[in-house]
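Numbering of the sequence shown is given in our numbering, commencing with residue 14 and proceeding in unit increments.
Think of the CB as a built atom: it goes at the ideal place given N, C-alpha and C, for glycine as much as any other residue.
Values in this document were obtained by computation on a predicted structure and should not be read as measured data.
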Amino acid sequence: MVVNITDDLVWAIFIVLPAYFANGIPVLTPLIFKWRVPVDFGHTFIDGRRLVGDNKSIQGVILGVVSGLVIGELQSILLNDYVFVTRALVLSLGSVYGDLLGSFIKRRLKIEPGKSLPIIDQMSFILIAIILYVTFFKDLDEIQILFILGITPVIHLIANIFAYLLGIKKVPY
């Protein structure tokens, strides 16, 4: 029984790996590109503040989606099941859009780009990714989804500390 539960939870994390990569890899954008095009093109909302800010770029969106697709391709090769590429596309797009939504919310709350907003920073990407995923695929149950939502803040924090220690991020959150 315990083995089955553990297997189910590990499988759930395996399934959503493209979302994690799509969210984490764009932090490398400044190291890869000398210039970046803001995804909001500098436009402001009705409150006069930027939609999402300079930290969210077209290059980062592309890097996020492509990195998620690469993970999906590796999953497909590993399991000889090419549906993982489609899953990866859905999860990657959901992850990137969830992160953009989080930034949009932070700007509305007058939180500057790069500053932290607990819960939104850790969860917006995975929430939208899972919502989009379960719209198309029915293979994650409620326990797996709750596990993913519970473990994501821990994974997010560890990844950010690691990126900070490597000098990729300016702050460890």
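Buried or exposed for residue i, please, with buried defined as at least 16 other CB atoms from any protein chain shown within 10 angstroms of its CB.
i	result
N36	buried
D112	buried
F138	buried
T42	buried
L140	buried
Among the options, whose alpha-carbon lies nearest the alpha-carbon of residue i?
i	options	result
S126	A32, K183 and F46	It is worth fixing the name first, because residue 126 is Pro in this sequence and not Ser. Nearest option by C-alpha distance: K183.
P106	V96, G81 and L92	Contrary to the premise, residue 106 reads as Leu rather than Pro in this sequence. When only C-alpha atoms are compared, the closest one is G81.
I164	I26, D21, I124 and L145	I26
N68	G55, N93 and F97	G55
M136	S116, K151 and T148	S116
I171	I18, Y33 and L114	Y33
A101	F149, L44, I133 and D60	F149
L104	K123, N93 and I144	I144
R62	L92, S70 and I124	I124
G66	Y95, R121 and N17	R121
If you drop the 5 nearest sequence neighbours on each side, which residues of the same chain put their C-beta closer than 8 Å to that of residue i?
i	result
K128	K119
E86	F97, V98 and A101
Keeping to the same chain, check which residues put their C-beta closer than 7 Å to that of residue i; ignore five residues upstream and five downstream.
i	result
F46	Q72
V109	A35, V74, G77 and V78
N173	K182, P185 and Y186
Thinking residue i and residue j are a contact (beta carbons under 8 Å), I'd like their distance in whole angstroms, please.
i	j	result
I90	P31	No, I90 and P31 are not in contact; Cβ-Cβ is about 14 Å, not under 8 Å.
V74	V52	6 Å
A142	V29	7 Å
Considering only residues of the same chain and omitting the five flanking positions on each side of residue i, which have a CB-CB separation below 6 Å?
i	result
F187	The displayed coordinates of the chain run from 14 to 186. Any statement about residue 187 would go beyond what the structure contains.
P166	Q135
Q88	F97
P39	G73, L76 and G77
Quick check: the segment 168-181 against the segment 152-160, are at least 3 beta-carbon pairs closer than 8 Å?
No, because fewer than three Cβ pairs between the segment 152-160 and the segment 168-181 fall closer than 8 Å, the two stretches do not touch.
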